[in-house]
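Q: For the record, in the sequence shown the residue sitting at position 95 is 95 according to full-length UniProt numbering, with numbers rising by one throughout. Note that beta-carbon positions come from the ideal geometry of N, C-alpha and C, so glycine has one too. Quick one: the structure is below, questions incoming.
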Amino acid sequence: MHMADNKYKINKGKYHTGKEFVNSNHFIGKIKPVKNKNESTDSWEDVPYFRLEEDGKKKVLEFILETALSNDIKVKLTGKEQPYAYPYSSKHKKADKVAWADRFDKSKYPDDTYHLIDPDWDKIDKLKEIVVTDGWVEVKGKYNPYEFENEQQQTIKGVSRQIGYLNPIIDGKVLVNGKLEVIKSQGKEITYVCDFESPDFVEVNTYNMQIGIKSTYQEEDKSTKVNGVFLSYGKERSEPRDVEMTVYYNETTDGSKPLADAFATLNPLDFIEVIGVDNNRATFAYVDVESSMEENDPFNDVGTDVGSTKKKRVVNGDKKGLEVTGFVKQSLMRGLLTEEEVTKSVSTQANDPFVTETSKETDPFATNEEFDPFA
1 MHMADNKYKI NKGKYHTGKE FVNSNHFIGK IKPVKNKNES TDSWEDVPYF RLEEDGKKKV
61 LEFILETALS NDIKVKLTGK EQPYAYPYSS KHKKADKVAW ADRFDKSKYP DDTYHLIDPD
121 WDKIDKLKEI VVTDGWVEVK GKYNPYEFEN EQQQTIKGVS RQIGYLNPII DGKVLVNGKL
181 EVIKSQGKEI TYVCDFESPD FVEVNTYNMQ IGIKSTYQEE DKSTKVNGVF LSYGKERSEP
241 RDVEMTVYYN ETTDGSKPLA DAFATLNPLD FIEVIGVDNN RATFAYVDVE SSMEENDPFN
301 DVGTDVGSTK KKRVVNGDKK GLEVTGFVKQ SLMRGLLTEE EVTKSVSTQA NDPFVTETSK
361 ETDPFATNEE FDPFA
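What follows is the structure, given as structure tokens:
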């Protein structure tokens with residue numbers, strides 16, 4: 001077993017000692033409504049951004065965020081009234097419990113250092129005021145992996161994107177609590193351009209997720225499919241949820257190991273924190289537009305170094321799902337997990353023809369600079 005030589009942290013459950021993984025995402029984009037198909041009219045209709053469900057007992061806020069030209073991802077927040085609320089004190093570094101009906105009554109708090117962190121039920125009322133069609137916003141949140149069987153008995157797996165923070169974009173900055181702040185993406189400060197066609201546009205679309213490895217599979221195009229497991233919150237034990245990711249193959253210019261090849265060497269029960277991009281996008285190509293000039297047009301004889309060919313953008317495919325573009329270097333821990341922790345369907349090394357035996361000397365994820373694909 002190769003353990004990371006650092007103080008990398010994995011959380012423990014609140015009610016048990018098992019591992020509990022974390023993830024986060026960060027997007028900026030333009031707001032559009034979700035569209036659902038009306039089966040009776042066979043037409044697509046806009047879904048309201050805010051709605052009540054379950055006879056008014058559940059609030060729902062959801063919309064499409066276009067993070068780049070034709071990359072449409074759905075984000076959502078739901079909330080219900082709870083028995084209790086939990087004001088928190090930064091000074092005492094702890095929360096206190098108050099009755100739900102008393103959550104706005106500060107006289108019920110232990111002292112004036114306690115402040116209410118908005119429950120989702122209340123948060124939705126504030127956030128829905130920001131959500132308008134064609135508005136540009138920053139969303140920070142997390143993924144909730146899900147799995148269900150459809151009517152054809154097919155298992156559908158995916159992730160829902162839960163809104164944690166939602167703030168407007170103004171003049172290239174983000175408005176947080178009434179103050180304009182510089183936008184940071186992947187450690188860099190940027191001035192955000194609200195124009196997908198601008199040469200200065202930079203997509204803000206990134207996520208981090210701690211995962212355990214169930215299996216990996218390298219396809220003919222050398223891209224690597226990662227079947228991972230995310231240990232999510234549970235009272236008696238952490239709940240293992242399947243997550244599927246893709247590491248696209250890209251040659252490196254310095255001769256180091258490509259990321260897709262490195263991920264193909266991961267074994268079942270290994271642990272790693274991945275960094276990536278959330279895709280639900282059309283891909284484009286540019287094709288020459290044929291000239292419509294007459295045969296005897298004198299401009300036909302103009303040299304190609306003077307005239308330029310007109311190009312047209314066309315859709316040539318799509319790209320969907322969670323893409324892995326990197327990893328947190330200190331996070332890799334070989335054989336960290338147990339089969340019990342990922343009980344759903346762990347692939348064992350003996351049964352997996354795509355697993356490669358590794359040692360520290362040849363480990364592409366090792367902290368040894370000589371063999372690290374990102375050195």
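1. Which residue's Cα is closest to the Cα of D242: Y84, K97 and Y143?
2. Where DSSP assigns a beta bridge to A99, which residues make up the other side?
3. So, with DSSP's three-state summary, where would you put D134?
4. DSSP state of K329, grouped into three classes?
5. Under the DSSP definition of a beta bridge, which residues are partnered with E65?
6. Would D278 be called buried (16 or more neighbouring beta carbons within 10 Å of its own) or exposed?
7. Go to D120, then tell me how far its alpha helix (DSSP H) extends in each direction, as first and last residue.
8. For the pair the region 88-107 and the region 228-248, tell me if three or more CB-CB distances fall below 8 Å.
9. Please classify D318: does DSSP put it in a helix, a strand, or coil?
10. If we require 3 or more residues per run, which beta strand (DSSP E) segments fall completely within the region 182-239?
11. Could you check if E20 is buried or exposed, using at least 16 other CB atoms within 10 Å of its CB as the buried criterion?
12. Count the other C-beta atoms from every protein chain shown that fall within 10 angstroms of the C-beta of L52, then say buried if there are 16 or more, exposed otherwise.
13. Using the Cα positions of W121 and T206, report the straight-line distance between them to the nearest angstrom.
14. Starting from the C-beta of S89, find all residues in its chain whose C-beta is less than 7 Å away, skip the five residues before and the five after it, and write them out in chain order.
15. Using the three-state DSSP reduction, which class does T358 fall into: helix, strand or coil?
16. Give the DSSP bridge partners of R241, in chain order.
17. Bridge partners for I117 per DSSP, in chain order?
18. Opposite residue 377 in the DSSP bridges: which residues?
19. Rounded to the nearest angstrom, how far is the Cβ of E244 from that of T67, given a contact under 8 Å?
20. Can you tell which of L336, E323, N280 and K76 has its C-alpha closest to the C-alpha of G317?
21. Can you tell me where the beta strand (DSSP E) with D261 in it begins and where it stops?
A: Once the coordinates are examined:
1. Taking the sequence shown and counting its residues from 1, one reaches residue 242 at position 242. Ranking Y84, K97 and Y143 by Cα distance to D242 puts Y143 first.
2. Counting from one through the sequence shown, the residue named residue 99 turns up at place 99. In DSSP, A99 forms a bridge with Y84.
3. In the sequence shown, counting from the first residue as 1, residue 134 sits at position 134. D134 falls in the coil class under three-state DSSP.
4. Taking the first residue of the sequence shown as 1, we reach residue 329 at position 329. K329 falls in the helix class under three-state DSSP.
5. Here residue 65 refers to the residue found at position 65 of the sequence shown. Strictly speaking, residue 65 in this sequence is Leu, with Glu absent from that position. Per DSSP, I31 and I73.
6. The sequence position of residue 278 within the sequence shown is 278, counting from 1. So D278 counts as buried.
7. Here residue 120 is taken as the residue at index 120 of the sequence shown, counted from 1. Per DSSP, D120 belongs to the alpha helix (DSSP H) from D120 to L127.
8. no
9. Reading the sequence shown from its first residue, position 318 is the one you call residue 318. If DSSP states are grouped into helix, strand and coil, D318 belongs with the strands.
10. 183-185, 188-190, 205-218 and 224-232
11. Indexing the sequence shown from 1 puts residue 20 at position 20. By the 10 Å Cβ count, E20 comes out buried.
12. As a position in the sequence shown, residue 52 is number 52, starting the count at 1. It is exposed - the Cβ of L52 has fewer than 16 other Cβ atoms within 10 Å.
13. Locating residue 121 in the sequence shown gives position 121, where the first residue counts as 1. Locating residue 206 in the sequence shown gives position 206, where the first residue counts as 1. When rounded, the distance between both Cα atoms is 27 Å.
14. The sequence position of residue 89 within the sequence shown is 89, counting from 1. Same-chain partners within the cutoff: T113 and Y114.
15. Indexing the sequence shown from 1 puts residue 358 at position 358. Low per-residue confidence applies at T358: pLDDT is 38, beneath 50, and the placement is therefore not dependable, though the value from the model is reported in the following sentence. DSSP places T358 in coil when its eight states are reduced to three.
16. As a position in the sequence shown, residue 241 is number 241, starting the count at 1. In the DSSP output, where bridge partners are listed per residue, R241 has F230.
17. Residue numbering aside, residue 117 sits at position 117 when the sequence shown is read from its first letter. Looking at the DSSP assignment, I117 forms no beta bridge with any residue, so it has no partner.
18. The first residue shown for the chain is 1 and the last is 375, placing residue 377 beyond what the model contains.
19. Here residue 244 is taken as the residue at index 244 of the sequence shown, counted from 1. Here residue 67 is taken as the residue at index 67 of the sequence shown, counted from 1. About 20 Å separates the two Cβ atoms, so there is no contact after all.
20. Reading the sequence shown from its first residue, position 317 is the one you call residue 317. When only C-alpha atoms are compared, the closest one is N280.
21. To locate residue 261, count along the sequence shown from 1; it is residue 261. No beta strand (DSSP E) contains D261, which is instead part of the alpha helix (DSSP H) from L259 to A264.
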